[in-house]
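All remarks here apply to the structure that follows.
Chains as they are written, first to last, in my numbering: chain A, 7 to 444; chain B, 7 to 444.
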């Protein structure tokens with residue numbers, strides 16, 4: 007082999023980054039692989055728009071088959087995103103014996119098992135480091151470097167848009183979610199339709215992949231508890247700071263023997279926690295392995311060059327394997343294919359953690375006693391309570407921090423508290439991850 | 007293949023950790039590899055001492071040849087450390103077609119090229135993730151996940167003993183280096199003979215390996231500038247805090263085109279830098295890639311289980327390769343073997359950075375002017391100066407922070423300043439890494 011030919015389907019932002027790296031870092035890539043990596047073909051429905059990068063026009067095609075069927079192409083990079091035709095293209099590439107690299111978290115979260123099985127049967131590599139945490143090599147680390155460990159805990163900031171918004175709300179107390187979201191959209195850190203990010207689905211798709219690697223458990227996204235940041239109120243940001251907490255949208259995995267909690271929601275985190283310093287658009291993955299103890303990975307989780315860096319990392323690894331005559335050796339999710347995880351994902355109602363509970367109550371005698379009474383009836387014991395002055399609406403925020411409590415109890419108590427005449431609405435609940443609480 | 011048989015030479019602390027992981031995590035290792043990993047033989051001169059772990063006595067031998075020549079053993083783990091007989095054992099294992107995993111940074115820093123060449127010629131894998139930063143999968147990340155990048159900067163805390171001592175001195179202002187060292191020795195965080203750690207050689211050996219991966223440059227340890235933490239004075243720790251700096255022993259790589267700075271010394275770092283929060287025995291690697299931008303890896307850089315976790319990570323990767331029919335595919339340092347780095351390591355006198363310069367001067371008229379005059383004559387321009395009250399010895403510490411200056415100029419000025427009658431000794435020089443200074 008005197009060169010490694012690569013085809014790409016999807017010439018958007020990340021695709022432009024891939025081309026940029028292949029051009030600008032051609033020399034070091036060749037030094038690191040031993041032969042040149044050649045981009046042989048790029049397919050996209052739009053081959054007119056200027057991507058701000060020079061590409062030989064003869065490489066461009068609107069027909070993906072020109073990539074999928076080219077016998078000279080060893081590896082196909084899929085960057086169109088979404089379910090179809092991405093799924094069909096990837097399966098066809100695999101059937102044609104081509105290696106595959108993709109950044110498509112939505113597709114792999116939904117159709118991973120089918121695609122990974124096809125890759126195994128064909129003996130090809132499928133790389134997807136770019137699907138989680140952009141440029142941070144976290145999937146590879148879970149699958150290889152940290153493979154000796156049982157993963158007791160993973161806490162991860164996997165969505166840069168949410169982290170940017172929460173950081174801005176923390177740095178500018180009082181500013182509303184909507185205001186910061188508009189700002190983020192203006193800066194290009196949030197999509198025009200931001201739902202996928204701010205409602206947590208993007209992070210959930212990533213968590214499905216991480217859970218496959220850490221525990222070998224493959225679940226559909228809709229089996230996870232997912233709560234976004236749309237309802238975060240500036241008041242709760244301020245309260246968090248008073249408690250020396252920061253609010254982050256966390257993807258959490260917590261082991262209980264073979265079973266796991268796997269959930270995504272805004273979380274109060276002690277200001278001294280390694281993840282609390284992961285601000286702005288940055289991503290961070292904190293984990294605890296039974297042998298390796300605590301680790302933190304920090305870096306850019308999105309963006310053109312960081313994501314393309316992960317794509318090219320997979321291309322290079324695969325190129326080395328193909329040149330060495332050995333692709334398809336490392337299982338994509340890091341477990342032998344015929345192995346089935348013995349555990350399951352716990353229902354959110356089964357989890358036990360600490361809670362921040364804010365009740366907007368009318369300032370009448372006996373209200374606090376009624377609320378506390380309901381909590382007591384649901385076995386929720388209170389670590390601290392603080393009541394602030396009356397606000398414009400005439401209600402006072404009463405904030406409880408609970409001892410370890412069961413989610414089912416919190417939900418039921420919350421339901422009942424919300425129905426009290428003296429209470430404005432259902433309480434605001436934010437889960438707390440603080441090892442110092444009991 | 008229905009099992010993967012491993013032999014181990016060296017049954018000390020890390021070796022015990024390896025046995026522990028193979029025993030306690032047998033099930034997940036098998037799930038992740040597809041077949042069991044069997045520890046077939048352990049060689050150590052001492053096979054009597056109780057390591058606090060149950061091992062079938064028939065596996066133990068005092069004769070390393072029992073490991074090296076066993077035809078059933080596919081992989082040899084070398085954990086005896088030092089140059090010989092480790093080098094001979096590893097080369098013999100390679101000649102016998104066995105894969106090798108080692109944690110031996112001293113050996114690889116000195117004899118890496120010979121050993122890597124032998125591994126390539128024999129077509130075997132040689133894993134050494136455990137040699138740098140313990141459980142943190144940094145070498146694999148540089149070689150694979152981040153392979154698309156030119157590394158513009160690496161700043162790393164690679165020695166837990168030094169970081170523990172500097173952290174303790176920072177947390178307890180006024181406590182001397184010697185006092186903290188004794189404490190660290192009592193807690194098992196420093197060796198009885200701590201020279202290898204505190205004089206920077208351990209970090210330097212690791213930096214040689216990192217530099218091989220980031221730039222393909224292979225230099226002997228003695229080509230690097232290495233300065234340890236033995237002379238760090240509590241006064242400078244206090245001054246650092248006043249400037250909102252923290253002092254860390256950093257291993258630094260900074261690119262200048264093909265050439266690089268590669269140096270190890272105590273460094274003042276802004277308190278907000280991601281590495282400034284890496285405290286105690288923890289290690290951290292901060293890097294800047296041209297495509298991926300900033301990343302931080304944080305975790306335990308030493309200790310029984312974290313280091314053994316890295317050893318087993320390499321064992322698993324190699325086992326997958328061997329089972330898949332192909333080892334020796336990824337070059338150990340990440341570059342094609344016939345490739346030669348075009349750059350060189352700059353001499354310390356060529357570097358340009360900011361400096362903290364403390365002069366102990368007798369409080370006489372005209373002294374400050376003389377010192378500043380010498381600096382000016384050597385083209386050193388001063389960013390700030392602060393003079394503190396007279397101390398016990400009758401001298402006053404005068405602290406300068408310089409604008410960007412050339413090391414050669416600093417050295418020469420320092421030499422001259424030290425010879426002034428009004429000055430007690432050669433100035434204390436601590437390099438500063440602060441992007442906000444010019």
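The C-beta atom is built at its ideal place from N, Cα and C for all residues, glycine as well.
- With respect to chain A, the C-beta atom of residue 143/B has a partner C-beta closer than 8 Å.
- Runs of the alpha helix (DSSP H) lying entirely within the segment 341-395 of chain B and spanning at least 4 residues, in chain order: 373-383.
- Close CB contacts of residue 354/A within its chain, under the 7 Å cut and outside five residues either way in sequence, are with 231, 269 and 413 (chain order).
- Between residue 104/A and residue 164/A, the CB-CB gap reaches or exceeds 8 Å.
- Under the Cβ criterion of 8 Å, residue 31/B is counted among the residues facing chain A.
- In this chain, residue 240/A is not harboured by any beta strand (DSSP E); it is covered by the alpha helix (DSSP H) spanning 240-248.
- Scanning 384/B, 202/B and 266/B for the CA closest to the CA of residue 161/B turns up 266/B.
- Cα atoms of residue 251/B and residue 287/B: separation of roughly 19 Å, rounded to the nearest angstrom.
- Residue 429/B sits away from residue 351/B, with the two beta carbons spaced by 8 Å or more.
- Residue 26/B: not part of any beta strand (DSSP E); member of the alpha helix (DSSP H) spanning 19-30, first to last residue.
- Among the residues facing chain A, residue 151/B is included, as its CB has a counterpart in that chain under 8 Å away.
- Within its own chain, the residues whose Cβ lies closer than 8 Å to the Cβ of residue 58/A, once the five positions on either side in sequence are excluded, are 22, listed in chain order.
- By the 16-neighbour rule on beta-carbons within 10 angstroms, residue 400/A is exposed.
- At a cut-off of 8 Å between beta-carbon atoms, residue 78/A makes no contact with chain B.
- With respect to chain B, the C-beta atom of residue 159/A has no partner C-beta closer than 8 Å.
- The Cβ-Cβ distance between residue 16/A and residue 121/A does not fall below 8 Å.
- Residue 335/B sits in coil when the DSSP states are folded into three classes, being neither helix nor strand.
- Closest by C-alpha distance to residue 80/B, out of 182/B, 434/B and 333/B, is 333/B.
- Between residue 306/A and residue 150/B, the gap from beta carbon to beta carbon reaches 8 Å or more.
- DSSP, reduced to helix, strand and coil, places residue 289/B within a strand of the structure shown.
- The beta-bridge partner set that DSSP reports for residue 411/B consists of 359/B.
- The DSSP-derived three-state label of residue 60/B is coil.
- When DSSP reads this structure, residue 229/A sits in no beta bridge, so it has no partner.
- Note that the segment 245-261 of chain A touches the segment 271-287 of chain A; at least 3 beta-carbon pairs, one per stretch, sit closer than 8 Å.
- Along the segment 110-126 of chain A, none of the residues has a CB nearer than 9 Å to a CB of chain B.
- Of all C-beta pairs linking the segment 126-133 of chain A to the segment 185-205 of chain A, fewer than three are shorter than 8 Å, placing the two stretches out of contact.
- By the Cβ rule, the segment 27-47 of chain B does not count as touching the segment 165-182 of chain A, because fewer than three pairs are nearer than 8 Å.
- Put simply, of 60/B, 102/B and 376/B the residue whose alpha carbon is nearest the alpha carbon of residue 74/B is 102/B.
- Using a Cβ distance threshold of 8 Å, residue 324/B and residue 107/B count as a contacting pair.
- For residue 171/B, the enclosing alpha helix (DSSP H) has its first and last residue at 166-177.
- Taking 7 Å as the upper bound on Cβ-Cβ separation, chain B lies near residues 322, 323, 326, 327, 330, 331, 332, 335, 336 and 340 of the segment 322-340 of chain A.
- Taking the beta carbon of residue 306/A as reference, the chain B residues within 9 Å of it are 298, 299, 300 and 301, listed in sequence order.
- Close to chain B, meaning a Cβ-Cβ distance shorter than 9 Å, is no residue of the segment 370-397 of chain A at all.
- Only those residues of the segment 271-287 of chain B whose C-beta falls short of 7 Å from the nearest C-beta of chain A are listed: 280 and 283.
- Between the alpha carbons of residue 321/A and residue 12/A lies a distance of about 8 Å.
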